[in-house]
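Numbering (the numbering used here), first residue to last: 2 to 62. Let me begin by presenting the structure, written as structure tokens, before commenting on it.
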Amino acid sequence: MSDFEFIPTEKQLKESNIFKFMQKLNISSLDELSKKAKDDPEWFWRAVEKDVGIVWDMPYT
């Protein structure tokens, strides 16, 4: 499927959680975020963990 059913407005994009997350990480595009996450999944999941405020009782391995 090549057609999108929904294309958000610029305002909706800038108010989205993923846009705010990318800004915190100084990432300018979804492609850049996707590549970085694929290249370094540990970095990505630690960034998500910090962003959403997950606190562990003990470090995970």
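Just so you know, even glycine gets a beta-carbon here, dropped at the ideal spot from N, CA and C.
Backbone CA spacing between residue i and residue j [nearest angstrom]
i	j	result
Asp32	Lys15	16 Å
Met23	Lys37	11 Å
Lys12	Phe20	11 Å
Phe5	Thr62	39 Å
Lys39	Trp46	11 Å
Val75	Trp44	Since the first residue shown for the chain is 2 and the last is 62, residue 75 is missing from the structure and cannot be characterised.
Asp52	Thr10	24 Å
Ser35	Ser17	17 Å
Can you give, in chain order, each stretch of the alpha helix (DSSP H) that sits fully within the segment 2–39 and has at least 4 residues? 11–15 and 18–25, all fully within the segment 2–39.
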